[in-house]
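Take the sequence shown: its letter number 60 is residue 60 in UniProt numbering, and every next letter is one higher.
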Amino acid sequence: MKYETESAASFWCSKVNPALGEQVLCTFQKQVLNLMCEKYALHWYENNPLRGQAYREIVCDFETGQVDSILVTAADRAGFSLYQHFSSPRGLRMWVDPGEVEVSFTSKPHVTQILYQKGQSLSGSPLGSPRSSSPVYYPSAEIDYYDSLSYTEPSLAYYPESDY
């Protein structure tokens, strides 16, 4: 989950106005990373990446009003309005899956770009990127991506399909 969430957080950070400053951008990127790790902890299946895929989808489309709460919350915590400082010519949809991070436009043509694929080095600027690079946040050593995997929410119960 570490590399996938880092790639995703870096991409979303690249869409934020650089005039906000490096510190604000790093805070935003860190918040996106932390919120994704918290949300995906119980929905991350290394052996079956398609399972839970819809839950791990992040959409940011101001025209349709579909803006993921991860992005809005991260921007709020970083001290800016996502609606005022996000720059993309069109809506974006991202899937953060075990082994792959993919992003595409929400409207036609649905140009798709793989941002991360396990075992491969991918280069190039992010889809529709207004600038060639963005500040990269490297989380501190005290963040343990796998700590959250042991967390279980008391209100959740798993019933195998065979029980239906």
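For every residue, glycine included, the Cβ atom is placed at its ideal position computed from N, Cα and C.
| task | Inspect the beta-carbon positions of L82 and F11 and report whether they are closer than 7 Å. | result | no
| Among all the DSSP beta bridges, which residues are the ones paired with V103? | M94 and Q113
| said: The alpha helix (DSSP H) that contains E6, what's its start and end? | reply: K2 to S14
| message | Tell me the DSSP secondary structure of D61 in three-state form. | response | strand
| task | Look at the alpha carbon of W95 and the alpha carbon of L35, and state the distance between them as a whole number of angstroms. | result | 15 Å
| query | Whole-angstrom Cβ separation of R93 and E57, contact assumed at under 8 Å? | reply | 6 Å
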